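> First residue of the sequence shown? That's 12 in this note's numbering, and the numbers climb one at a time after it.
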Amino acid sequence: MQLDPAVLSEKEQYKLMTGCIIPRPIALVTTLGPLGPNAAPFSLFNMAGSAPPIVMFSVGDQGDGSVKDTIQNLRHLPEFVLHICDEAIAERMNVCATNFPTGVNELDEAGFTALRSVKVRPPRIAEAPVQMEGRVLQIVDAGERHHVVLGEIVWFHFRDGIVNDRYHVDIARLNPIGRLSGSNYARIREVFQMERKFLGKKPKQVA
Ligand SMILES: Cc1cc2nc3c(=O)[nH]c(=O)nc-3n(C[C@H](O)[C@H](O)[C@H](O)COP(=O)(O)O)c2cc1C
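#1: The alpha helix (DSSP H) spanning N84 covers which residue range?
#2: Which of helix, strand or coil does DSSP assign to E144?
#3: Under 6 Å: does the beta carbon of T81 sit that close to some heavy atom of ligand 1?
#4: Just reading off the beta strand (DSSP E) that G30 is part of, what are its end residues?
#5: When DSSP labels each residue in this structure, what does N57 get in the three-state scheme?
#6: Which residue marks the beginning of the alpha helix (DSSP H) containing L118, and which one marks its end?
#7: In three-state DSSP terms, what is I182?
#8: In chain order, what residues of the same chain lie with their CB nearer than 6 Å to the CB of T124, ignoring the 5 residues before and after it?
#9: Could you tell me the boundaries of the alpha helix (DSSP H) in which R103 lies?
#10: Have a look at Q142 and L93 and give me their C-alpha separation to the nearest angstrom.
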């Protein structure tokens, strides 16, 4: 089967992409706007660099063409806190995806506890196992209605017991969820190992 995206609707393209680019980690992002704090989940999300730590997440415009609160807020104050979503906060993360009017504080709606951040002004979510404080490097407009946020992480918070003294993250204790297509989600329950081969000396930094 071969498909030319140019002849497909946006919905069809979306279904194809979100059906096979899986599982996608979920960033629950808090920002601060003129009307107060905002929280929203984004699964078009990943790590984008490690020198310094850089993340990316992509925010699409609403169906009516309006810009989502997260982007509006980041244009106002280019700081955020990005939280890794685990199973325990999945339902509350989903509440934050509701299309509340601008100015509604999703943290309150979802029953999250807001804590003061160390380096940035938006609050962080106490219940999230990992909280990364970040500053926007760039917002790149992509296609007709997406805005890709590139941000540098300037402070990490890890719940005690998740990271060991060699900076290894314990997957079982983190217990992250991934988004699949539509309303399907995944847990990480089975892990397997495969060593990568290097010709010559193994480089110090591996990507
Ligand atoms: C698990 C999950 C992942 C989502 N991923 C994205 C995404 O990557 N990009 C996006 O624009 N919206 C995504 N959404 C929808 C937004 O979270 C939703 O539009 C939210 O209301 C935006 O909030 P805001 O207007 O406060 O920024 C996702 C929703 C869920 C439940």
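Heads up, the beta-carbon is just placed ideally off N, CA and C, and yes, glycines get one too.
Note that the structure is predicted; figures quoted are calculated from it, not measured.
Let me spell this out:
#1: D80 to H87
#2: strand
#3: yes
#4: Premise fails: G30 lies in the alpha helix (DSSP H), E21 to C31, not in any beta strand (DSSP E).
#5: strand
#6: E117 to A121
#7: helix
#8: A137
#9: A101 to V106
#10: 6 Å
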